[in-house]
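If you're matching positions, the sequence shown starts at 2 in the working numbering and goes up one per residue. Here a beta-carbon is modelled for each residue, glycine too, at the ideal position from N, C-alpha and C. These numbers were taken from a predicted model, which means no experiment stands behind them. Take a look at the structure set out below.
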Amino acid sequence: MHYINPKNKIITENQSLNNLSQSLVIKKRINSNIPSFSIIVPVYQEEKLIESHLKLFSLDLRKKYNFDLIVSDGGSTDDTVKIASELADIVVVHNSPERQTIAAGRNRGADCSKADILVFLNVDSIPENIDKFIQIIIDFSDKEGKFKNIGGIACNVGGFPDEVLLKDKIFYFLHNNYVHLLNLLGLGMGRGECQIVRRSTFEKVGGYNDSIVAGEDFDLYRRISKVSKIKFLRELLILESPRRFRKYGYIRTILFWLMNSLSVWWFGKSVSKEWEAVR
Numbered sequence: 002m003h004y005i006n007p008k009n010k011i012i013t014e015n016q017s018l019n020n021l022s023q024s025l026v027i028k029k030r031i032n033s034n035i036p037s038f039s040i041i042v043p044v045y046q047e048e049k050l051i052e053s054h055l056k057l058f059s060l061d062l063r064k065k066y067n068f069d070l071i072v073s074d075g076g077s078t079d080d081t082v083k084i085a086s087e088l089a090d091i092v093v094v095h096n097s098p099e100r101q102t103i104a105a106g107r108n109r110g111a112d113c114s115k116a117d118i119l120v121f122l123n124v125d126s127i128p129e130n131i132d133k134f135i136q137i138i139i140d141f142s143d144k145e146g147k148f149k150n151i152g153g154i155a156c157n158v159g160g161f162p163d164e165v166l167l168k169d170k171i172f173y174f175l176h177n178n179y180v181h182l183l184n185l186l187g188l189g190m191g192r193g194e195c196q197i198v199r200r201s202t203f204e205k206v207g208g209y210n211d212s213i214v215a216g217e218d219f220d221l222y223r224r225i226s227k228v229s230k231i232k233f234l235r236e237l238l239i240l241e242s243p244r245r246f247r248k249y250g251y252i253r254t255i256l257f258w259l260m261n262s263l264s265v266w267w268f269g270k271s272v273s274k275e276w277e278a279v280r
């Protein structure tokens with residue numbers, strides 16, 4: 002096994018891990034070809050979800066479509082890293098006592114990618130149709146195709162069919178149309194459950210803001226909208242569990258999102274000091 006730092010400099014197990022700043026990266030599969038795209042999954046204490054999620058993108062599927070699977074772990078103390086190291090191509094592990102933001106986790110995953118297309122996908126979110134999901138990413142990689150001049154893709158988000166209630170369907174309908182409208186107006190918006198961006202655009206705006214605890218997804222697309230176009234794809238459906246709405250309710254969750262979004266927009270920082278995962 003090899004370890005690499007976030008700049009993709011490979012070191013061996015015999016070398017001191019102190020050569021790494023704040024991240025330890027385990028490289029499981031060395032692909033001789035540059036991947037067409039990278040799926041980057043930020044995680045923290047997700048041993049219950051990560052295996053089924055990563056198995057959606059099997060090694061055979063990755064070889065067939067020439068993409069790699071990168072897991073960026075925020076310093077989990079459960080079996081998350083162990084499971085990820087068995088299924089992903091690259092696992093980057095936060096190696097510092099300070100709590101890592103999900104924004105920083107996504108950035109560390111992007112640092113390990115060599116692909117031109119970066120797909121940031123949350124571990125509790127899955128594409129409704131894997132084949133359609135991959136085909137859209139492949140189409141997006143064609144700079145002269147139907148996604149010409151598009152720097153990022155915003156996805157349609159819905160709830161898992163076996164969990165969703167009528168009130169959830171109403172919320173998702175309204176919120177997805179709200180996201181679509183903001184992108185039509187050129188303001189930039191895309192939920193962090195799945196964000197698909199060109200590396201060139203991602204690097205041009207400096208990636209995610211490491212210091213933002215919540216609202217980092219809105220902040221990234223807001224900045225991308227200033228240098229490129231973002232396209233909302235209604236046909237690209239990403240499914241999530243509505244468990245956060247069950248725990249906090251819609252009013253509290255929406256107010257939480259709104260306060261963080263406005264704070265990010267006006268002051269470049271979130272109101273929240275720590276993001277609480279709901280499991």
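Could you tell me which of LYS248, ARG253 and SER226 sits nearest to TRP266, measuring between CA atoms? In the sequence shown, residue 266 corresponds to position 265, counting from 1. Checking every option, the nearest Cα to that of TRP266 belongs to SER226.
Please classify ILE131 as buried or exposed, where buried requires at least 16 neighbouring CB atoms within 10 angstroms. Locating residue 131 in the sequence shown gives position 130, counting from the first residue. Answer is exposed; the Cβ neighbour count stays below 16.
Below 8 Å between beta carbons: does that hold for PHE257 and VAL180? One-based indexing of the sequence shown puts residue 257 at position 256. One-based indexing of the sequence shown puts residue 180 at position 179. No; because the gap between Cβ atoms is not below 8 Å, this pair is not in contact.
Residue environment, ASP90, which counts as buried when at least 16 other CB atoms sit within 10 Å: Your numbering for residue 90 matches position 89 in the sequence shown. Under this definition ASP90 is a buried residue.
Using the Cα positions of ASN184 and VAL72, report the straight-line distance between them to the nearest angstrom. Translated into positions along the sequence shown, residue 184 becomes position 183. Translated into positions along the sequence shown, residue 72 becomes position 71. The C-alpha of ASN184 lies about 29 Å from the C-alpha of VAL72.
Contact check, PHE141 vs ILE171 under 8 Å by CB: the rounded distance? Locating residue 141 in the sequence shown gives position 140, where the first residue counts as 1. Locating residue 171 in the sequence shown gives position 170, where the first residue counts as 1. That pair is no contact at about 30 Å.
Helix, strand or coil for ARG247, going by three-state DSSP, please let me know. Sequence index remark: in the sequence shown, residue 247 carries index 246 (1-based). It is helical.
What's the C-alpha gap between GLY250 and ILE35? Start at 1 with the first residue of the sequence shown, and residue 250 comes out as number 249. Start at 1 with the first residue of the sequence shown, and residue 35 comes out as number 34. GLY250 and ILE35: Cα-Cα distance of roughly 44 Å.
In its own chain, which residues sit with a C-beta less than 6 Å from the C-beta of ARG199, not counting the 5 before and 5 after it? Counting from 1 along the sequence shown, the entry for residue 199 is found at position 198. Cβ within range, chain order: GLY152.
Where ASN20 falls, given that 16 or more other Cβ within 10 Å makes a residue buried: In the sequence shown, the residue the question calls residue 20 occupies position 19. Caution applies to ASN20, whose pLDDT of 31 falls short of 50 and renders its modelled position unreliable; the model cannot decide the point.
In terms of alpha-carbon separation, which member of GLU47, ILE138 and SER59 lies closest to ASP74? One-based indexing of the sequence shown puts residue 74 at position 73. Looking at the Cα atoms, GLU47 is the closest of the given residues.
Beta carbon of VAL42, beta carbon of SER77: below 8 Å? In the sequence shown, counting from the first residue as 1, residue 42 sits at position 41. In the sequence shown, counting from the first residue as 1, residue 77 sits at position 76. Contact: no.
Exposed or buried, GLN196, counting other C-beta atoms within 10 Å across all chains shown (16 or more means buried)? As a first step, residue 196 is located in the sequence shown; it is residue number 195 there, counting from the start. Taking a 10 Å sphere around the C-beta of GLN196, we find 16 or more other C-beta atoms and assign the residue as buried.
Have a look at SER59 and GLN101 and give me their C-alpha separation to the nearest angstrom. Here residue 59 is taken as the residue at index 58 of the sequence shown, counted from 1. Here residue 101 is taken as the residue at index 100 of the sequence shown, counted from 1. If you take the alpha carbons of SER59 and GLN101, they lie about 28 Å apart.
If you draw a straight line from the alpha carbon of SER86 to that of ILE239, how long is it in whole angstroms? Your numbering for residue 86 matches position 85 in the sequence shown. Your numbering for residue 239 matches position 238 in the sequence shown. Approximately 25 Å between the Cα atoms of the pair.
If you check the beta carbons only, do GLU204 and GLU241 fall under 8 Å apart? Position 203 of the sequence shown, counted from the first residue, corresponds to residue 204. Position 240 of the sequence shown, counted from the first residue, corresponds to residue 241. No; because the gap between Cβ atoms is not below 8 Å, this pair is not in contact.
If we call anything under 8 Å between Cβ atoms a contact, is GLY216 one with SER262? What you label residue 216 is simply residue 215 of the sequence shown in a count that begins at 1. What you label residue 262 is simply residue 261 of the sequence shown in a count that begins at 1. Yes.
I'd like the span of the beta strand (DSSP E) that includes ARG235, first residue to last. Taking the sequence shown and counting its residues from 1, the one referred to as residue 235 is at position 234. For ARG235, the enclosing beta strand (DSSP E) covers residues 230-241.
For the candidate residues HIS95, ALA104 and VAL120, whose alpha-carbon lies nearest to that of PHE68? One-based indexing of the sequence shown puts residue 68 at position 67. Ranking HIS95, ALA104 and VAL120 by Cα distance to PHE68 puts VAL120 first.
C-beta contact flag for ILE84 and ILE51 at 8 Å: Position 83 of the sequence shown, counted from the start, is the residue given in the question as residue 84. Position 50 of the sequence shown, counted from the start, is the residue given in the question as residue 51. Yes, they are a contact pair.
My parser needs the alpha helix (DSSP H) runs of 4 or more residues fully inside the region 67-104; what are they? Fully enclosed alpha helix (DSSP H) runs of 4 or longer: 81-88.
Return the CA-CA distance between ARG235 and HIS95, expressed in angstroms with no decimal places. Here residue 235 corresponds to residue number 234 of the sequence shown, with the count starting at 1. Here residue 95 corresponds to residue number 94 of the sequence shown, with the count starting at 1. Roughly 34 Å separates the two Cα atoms.
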